[in-house]
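Working notes, beginning with the structure itself.
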Amino acid sequence: VALVDGTGRVLFAEALERPLQYKRGINMEPDNPFTLPKLLLEYAGDADRIVVASNWKARRPWYENLAQRMGWLTPRGILQYRGRELAACLPTWEINYMQSLQHQALKRAGLTLSRTLRHHFGGVAIEFRHFDHHLTHAAFAAYGSPFEDAACAVIDSYGESGSLAFFEYEKGRITPLYQSKGPQSLGFFYMKLTELCGFDWMAGEEWKVMGLASYGKTNPELLARFRRLIRVEGFNLHHDRRTFFSELRALERFRRPIDAPPETVADLAHTGQQFFMETVNQLLAA
């Protein structure tokens, strides 16, 4: 959450995961002390115009709208999902779950804020803006850098319609070059790797995989399976649906047993990290 004045000066900025102590705070109620209502009163009491900006588009992609109409984004739909499995490193019901959290968060975004705006800023011009998610990642990187010209790659778990986006940054302008579409995602791969290592990606424990990776060595069989799971084609990631699900199931035998210590899967973490970096480098060289 951030407040910026009309000149572009940052008045306040904080990652909510810090005060909440929870990385996936997307489904948490907005009644904590770091929400915008309190900050507006503290920092923007004399404002004559307020722009409320979100880092997600208000218009949702077709798959999410379809999933909503089919009832897949409800608790019952998530429990009983029987639709076609997407070729993704996470099961489709789990992707539906994440989309449901986001869908609900976007629906109520600004609800508590609207009460504060009406009470204390009744005569102020209010505008709501919704930005493309990957564009906001690129803006954060480009405008926060010391460079006037740069190439910008966003490699995410997912945005509105895909996981990858590439931009050109030149003299203060960010120009989209390419955006992927579909569930192919290195972020989903890393979530799956985190799960196989016995950690919880929903709690943001990917960092534990990164640390554990330094204690392991390359497992050639695992690396070959990862390479068959995902390959780079230009700016795209590709899953071969004919073999994808069998390769994904084969990874289950490398899963860390419940009672086993983390170091037993150090090679899994190391090989997954190696494959992740190898794939990122291929995308950057495309």
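Note that this note's numbering has the sequence shown beginning at 181, numbered continuously upward. We put the beta carbon where it would ideally sit given N, CA and C, even for glycine.
Under the three-pair Cβ rule at 8 Å, the region 397-407 counts as touching the region 426-441. Sequence-distant Cβ neighbours of Arg435 in its own chain, meaning closer than 7 Å and more than five residues away, are Leu376. Secondary structure remark: continuous alpha helix (DSSP H) runs of at least 4 residues inside the region 352-382, in chain order: 366-376.
Within the same chain, Cβ atoms closer than 7 Å to the Cβ of Arg421 are found at Ala267, the five residues on either side in sequence being excluded. In the three-state reduction of the DSSP assignment, Arg309 falls in the strand class, which pools E and B. Trp381 places its beta carbon 8 Å or farther from that of His313.
Distance check between Ser234 and each of Leu200, His317, Glu222 places His317 closest, using alpha-carbon atoms only.
Just measuring C-alpha positions, the residue of Gly378, Arg229, Leu315, Phe455 sitting nearest Ala440 is Gly378.
Contact between Phe369 and Phe456 holds, since their C-beta atoms are separated by about 7 Å, short of 8 Å. Taken in chain order, the complete beta strand (DSSP E) segments of 3 residues or longer contained in the region 201-287 are 229-234. Sorting Gly324, Leu246, Lys372 by C-alpha distance to the C-alpha of Ser337 places Lys372 at the top. Under DSSP, the beta-bridge partners assigned to Tyr349 are Ala330, Ile354.
Bridge pairing for His418: Arg411 [DSSP]. DSSP places Ala465 in no beta strand (DSSP E) but in the uninterrupted alpha helix (DSSP H) bounded by 446-465. Excluding residues up to 5 positions away in sequence, Ser234 lie with their Cβ nearer than 7 Å to the Cβ of Ala289 in the same chain. Assignment of Leu293 by DSSP, reduced to helix, strand and coil, places it in the helix class.
In the three-state DSSP reduction, Val181 falls in the coil class, being neither helix nor strand.
For Gln284, the closest of Arg240, Leu315, Glu265, Pro442 by C-alpha to C-alpha distance is Arg240. CA-to-CA, the gap between Glu427 and Val460 works out to about 21 Å.
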